[in-house]
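Residue numbers (my numbering), protein chains in the order written: chain A, 230 to 342; chain B, 8 to 118.
All remarks here apply to the structure that follows.
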Amino acid sequence: NAGVTQTPKFRVLKTGQSMTLLCAQDMNHEYMYWYRQDPGMGLRLIHYSVGEGTTAKGEVPDGYNVSRLKKQNFLLGLESAAPSQTSVYFCASSPGTGRNEQYFGPGTRLTVT
Amino acid sequence: DAKTTQPTSMDCAEGRAANLPCNHSTISGNEYVYWYRQIHSQGPQYIIHGLKNNETNEMASLIITEDRKSSTLILPHATLRDTAVYYCIVRHQGGSEKLVFGKGTKLTVNP
């Protein structure tokens, strides 16, 4: 099992550009999450999904959109990137159905100039 | 979710057991104790969780006191690669709630 993978690993964007971060998991997990982590701060939840075709807002959803068209994939989109979105983005998945330990991907380091 | 208290930092010699304590005196009866760690520049990693019985897996052991007000994560033979920040989290099993990491314990394994 590859576990949770994220694409790309690094990206530099100019203000106003758009991009999509891809998260894939091969563990047949129901739940998937997108977090961001900034220096000296903990994880902050952006959006999450409790199943294929569903999404929900976390604590910092503004400026981001997500889609979960397939159970194994969770996409995070930035429509118009801003310097405040410079961060490390982590995707995670959890089994659901009574178990919620979360398994994380390696992260995407995004810089917006 | 119940609040947890962990020491800010700990040191351990390579090859020795690392014992990381966590206090969670306000834990409720249906809350579990979860441990995660984050190695520098990597994603957080789930280690182990338990309710009231001691648990062991390939990575670590979790010892929960009988009154469930504290627990200890044990890495039996620490290696340099175990240097990381370790987080103790108390939460209900199930559900889709976000993970909330406190400050954690910075464990440094020394050669």
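For glycine and all other residues, C-beta sits at the position ideal for the given N, C-alpha and C.
It should be emphasised that the depicted structure is a prediction, and the values quoted were computed from it without experimental measurement.
Here DSSP, grouped into helix, strand and coil, assigns Pro28 (chain B) to strand. In this structure, DSSP gives Ser247 (chain A) a state outside helix and strand, which the three-state scheme calls coil.
Three or more beta-carbon pairs separated by less than 8 Å link the segment 50-64 of chain B to the segment 322-336 of chain A, which places the two stretches in contact.
In the assembly as shown, Asp89 (chain B) is a buried residue. Its beta-carbon has 16 or more other beta-carbons within 10 Å.
Here DSSP, grouped into helix, strand and coil, assigns Arg88 (chain B) to helix. Identification of chain A residues near Tyr53 (chain B) by a Cβ-Cβ cut-off of 7 Å yields Glu330, Gln331 and Tyr332, ordered along the chain.
Between Glu38 (chain B) and the set B:Thr15, B:Thr63, B:Leu114 and B:Ser77, the nearest pair of CA atoms involves B:Ser77.
Within chain B, Gln49 and Gly50 have C-beta atoms less than 7 Å from the C-beta of Pro335 (chain A), given in sequence order. Rounded to the nearest angstrom, the Cβ distance from Ser316 (chain A) to Arg265 (chain A) is 4 Å, consistent with a contact under 8 Å.
Across the structure, Tyr93 (chain B) and Gly111 (chain B) are spaced so that their CA atoms are roughly 5 Å apart. For the set A:Phe319, A:Thr283, A:Val279 and A:Gly232, the Cα lying nearest the Cα of Glu259 (chain A) is the one of A:Val279. Around Phe319 (chain A), the beta-carbon contacts reaching into chain B at under 9 Å are Gly50 and Pro51. By alpha-carbon distance to Thr12 (chain B), the top candidate from B:Val40, B:His84 and B:Asn64 is B:Val40.
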